[in-house]
Structure formats: C-alpha cells, structure tokens
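What follows is a short report on a single structure.
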RNA sequence: GGGGGAAUGUCCCGAGCGGCAAAGGGGGCGGACUGUAAAUCCGCUGGCUAUGCCUUCGUAGGUUCGAGUCCUACUUCCCCCA
C-alpha cells in the first residue's frame, strides 16, 4: 500500500492527507478515479440527533471525492438503524423507536449540505435513505435471493464480531442480520445509482467487503472498498470526547464557540495531521503552520479551529467564535457573545447564591460540586476567585457590559444576563 | 438435571472479619507549572435548606440496637459435573 503511487487526483489527495487505511483494490479504484467515474457512498446510522466528529473524516472524504470530480452519495440508515450495527460492540445497543429514528434522521441530514453540493447532475451529491428498499423487503424472497450467499461460518469468524462469540456474550439474530442489510444496500445502490465504492471507518471494513462479495455473486459491476483510520489523539485517547460528552456537529447540540474551542485545544503533535484531515487548506500552507514551534503553534491551532468551524457553522460564526475567544483569553475581558443564561432581574434583586448560580449556568452538576470547586479555587465571578460559598450575587455584580461572568476553570465561561 | 462461584459508589475496574458514604486504581474535573498543548506534581470525584439530615452495594423479604457484610426467596452472569 505504501509503494502505490496514485495517478488520480482523488486517491492522491486521500494518500497525501492521511485518509487511507485500507482499500480493496488501489489500482482498480485509481483507474476509475482517473476517469472521474467513482460513485461512492458512506452510510450514516441515525443513532443520535446529530453526527459527531467521529463521522467527520468520512464526510471530508465525500467532500474531497466531489471536489475531485466524482459523485458522492450520503446514505441515511433509516432502515439499518432499526437493527443496530453490532461491529466491535460489546453488547447490543437498545432499540430505537421509529419516531426517534425519524427525528435523528432529520437532525443528521442538515450537516451534509454544508460540505457537499446536492443535485441531479453527474458530480452532484445524492441523499438516499435505505428505508426506501429495506422496509419493503419480503422475508422469504430476501432469504432466497440474498441470504443464500452468506456463510454463517464465515460471518462468525469476522473480526468485528468475533469477540462477542469468544466472550460468549449474547448476539441476537436481529444484530446478525445487520451485515446482510448493509451488504444489500451496497448492491442496491450499485443497481439504482451506479455506485461502485463504499467508504467508511476502519471498523466498517468487514461489512464493506462482504458487500463487495455479495455484489459479485449477484452480478453487479465491480465494487470497491476504501476505509479511513480511526482517529485518535497523539496521546492515545479516542478523539472527540469533552466534559460535556461528544463533540456534536449540529449547532443546537454544541455551539460554534464550543466547537471552535474543541479544535483550539488540540494537542501540539496533532495539529498538522488534523489540518490535513479536517480542513481544505493547501498542503504547503499546512506544512508551514505545523512547523511552528513552541508557543507559536498556537497560531496554527487558531487556524485549525477557525477553518474547521467555518466548515460546519459558516465563516461568519467561525470568525465570531475566534473573536470571542480572543477577547476572553487574550484580553481577559467578558466578551458579550460568550454562552449565557438569562436570570430575572427580580431574582437578582433578592440575591442569588453563587453555588446555585453556577449550577444554573450549567457549569457544575450540583451545589455539592460547586462547593467542592470553591475549595479547590476553581470558580470565579468576574475573574475573581470565589472563596466564600455563601457569597450572594446581586445586580451590583453586573459589569459595565450588563452581565455577570461566571468562570469554571480557565476555559469555561458563562454570562448571567439580568432580564 | 446436579454442584460451586459472582453481582459494590448509575463512567469503568475493584477491596470490603456486623458500626460504611464504603479502601485502592483507571477515567474525569479543578489547582500549580506552561502556551487555552503534552508531561509532571497537588486536590476533588453521592444529594441537601449542611458541624446535621437523606439516598446508595442485583431484586424482595427476614435476623439484629445496627447489614454491603448474616439468613430466605427471586433475577442475571460465570465455572465444573451430567
């Protein structure tokens, strides 16, 4: 794989930027890409109201695919989500109701229009839902047409599920069918839309090549697999976890400001790699930024944060987030567009306990935690460390900007606005 | 079908001779040092109207002044024999 030098622009970008983990046939895929004839899909199950940055690598792959003249398909898993992918899972996830799936699907759809151009013409992206065909399958015909091509023996030896069997953990027949459905999706997309490539995370390798196999047995054109590596941070942690949980892509789940902050806090050693994976900046520019040493690397992190945020939330929101961060961290002022909560003026008039205020702002989970943080010196009001847990906030604490700034640690700030 | 073991702080692992808000890790959070980084060191890591009160150890009962700890039944999981 390392000595392969691609002729097509698409594969060249994939290699240069670090998107490639495994491919079923580099040369074959390269030939298709050179003719700009790739029609590639990535499937997204509707397990939450928004995708998180775990899905971002594959979204970027689709974006590059389109930018290099090929055709992307985003497949919503309206059908497969009703089953749940067992790959590399310790236990079955709980079944989602059809209503939940619909809500999630609606939330997830939004993100793709930001990096892909949709339409009907060649080279324009399609959005398809596998519920379209999966919900209409008839059991016996499906078993006879598709099921007969699957070897249970072989499926049980697949890496993605082997642990489940080895540990003798429950593996339901429902889950067992996921692989059949995903494989069938690939065939269906090949037939309906001329799809010839499925991309995804490295954990999807088994499911994807099984689909290629099914295609061959069911007489489609040649299908291909291309997977990207699972992204971890330089210090080995799974990427995309914050105190609040996952790093969501939708603004209603995680504000652009917080999203910007996530990227801003990237480890030094990851800056170059993340710039290549998560921005469209040219490689020479990235090389220059990644070469910055010592404190100067912070400039590169700001570029990363702003570019990555602009991709998901728009240039304007990204610049605003950058500016808020600059005022907050570099000037130590209370930028007015920090996250904030409204508190009735009447309540402030009678006095609001600091502990309760921090809980209300969502910075700490309980009064008890707030109390402990006071002892640790982790809470500040208008940049002054809180030392007295009995302290009461009143309207007099509002600064000239008209708000009270609560800080938890060095990085989390919330404004209390009297209304 | 028979025999033996296990379920602990709702993030995970895990100690716990009847006095336990319950050892120790990991993870997470805060503080110090830095550069909003990493590494390192220190602290915290049930709730509350808080020198006290309330709720936690698979579920439901029982013994006891007092139960995570003992007894009974049930649930789930693991191991051995058949």
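Residue numbers (the working numbering): 20 to 438.
For glycine and all other residues, C-beta sits at the position ideal for the given N, C-alpha and C.
- A straight line joining the alpha-carbon of residue 271 with that of residue 164 spans about 43 Å.
- Along the region 278-340, the beta strand (DSSP E) does not occur as any fully enclosed run of 3 or more residues.
- When the alpha-carbon of residue 364 is set against those of 170, 215, 135 and 415, the nearest one is in 415.
- Straight through space, the alpha carbons of residue 367 and residue 256 are spaced by roughly 42 Å.
- Around the C-beta of residue 139, fewer than 16 other C-beta atoms lie within 10 Å, and the residue is accordingly described as exposed.
- Fully enclosed alpha helix (DSSP H) runs of no fewer than 4 residues occupy 75-86 and 117-131 of the region 52-131, in order along the chain.
- Assigned with DSSP and collapsed to three states, residue 250 falls in coil, not helix or strand.
- Apart from sequence neighbours up to five positions away, the residues of its chain that approach residue 74 with a beta-carbon distance below 8 Å are 63 and 268, ordered along the chain.
- Under the three-state reduction of DSSP output, residue 255 falls in the coil class, being neither helix nor strand.
- Residue 81 and residue 45 have their C-alpha atoms roughly 17 Å apart.
- Collapsing the DSSP output to three states places residue 243 in a strand.
- For the region 138-172, the continuous alpha helix (DSSP H) assignments of 4+ residues that do not extend past its boundaries occur at 150-153 and 158-164, in sequence order.
- Of the candidates 90, 436 and 133, 90 places its Cα closest to the Cα of residue 55.
- Under the Cβ criterion (8 Å, minimum of three pairs), the region 303-319 does not count as touching the region 330-345.
- CA-to-CA, the gap between residue 143 and residue 176 works out to about 39 Å.
- Following the DSSP letters along the chain, one finds residue 361 in no alpha helix (DSSP H) but inside the beta strand (DSSP E) bounded by residues 359-362.
- Excluding sequence positions up to five before and after residue 387, its CB lies less than 7 Å from no other CB in the same chain.
- The straight-line gap separating the alpha-carbon atoms of residue 351 and residue 428 is approximately 14 Å.
- Judged by beta-carbon spacing, residue 266 lies beyond the 8 Å limit of residue 237, meaning their Cβ atoms are not closer than that value.
- With respect to the 8 Å criterion, residue 298 and residue 327 are classified as neighbours on the basis of their beta carbons.
- Look at residue 389 here: in three-state DSSP terms it is helix.
- Spatial neighbours of residue 178 in its own chain (CB-CB distance under 7 Å, excluding positions within 5 residues in sequence) are listed in chain order as 225.
- With a cut-off of 8 Å on Cβ pairs, the region 210-221 is not in contact with the region 112-123, counting fewer than three such pairs.
- Around the Cβ of residue 240, a 10 Å sphere holds fewer than 16 other Cβ atoms; the residue is exposed.
- Residue 198 carries a helical assignment under DSSP once its states are collapsed to helix, strand and coil.
- For residue 230, the enclosing alpha helix (DSSP H) covers residues 224-237.
- Of 294, 338, 322 and 276, the smallest CA-CA separation from residue 430 is found for 276.
- In this structure, the CA atom of residue 166 is about 10 Å from the CA atom of residue 158.
- Around the beta-carbon of residue 155, fewer than 16 other beta-carbon atoms lie within 10 Å, marking it exposed.
- Taking residue 413 as the centre and dropping the five residues before and after it, the same chain places the C-beta of 367, 368, 370 and 371 closer than 8 Å to its C-beta, in chain order.
- A direct Cα-Cα distance of roughly 14 Å separates residue 151 from residue 117.
- Note on residue 251: under 16 other CB atoms within 10 angstroms of its CB, so exposed under the neighbour-count rule.
- Per DSSP, reduced to three states, the secondary structure at residue 191 is coil, with no helix or strand assignment.
- Counting only runs that start and end inside the region 401-428, the beta strand (DSSP E) elements of at least 3 residues fall at 423-427.
- In the DSSP annotation of this structure, the continuous segment of the alpha helix (DSSP H) that includes residue 30 starts and ends at 28-36.
- In this structure, DSSP gives residue 384 a state outside helix and strand, which the three-state scheme calls coil.
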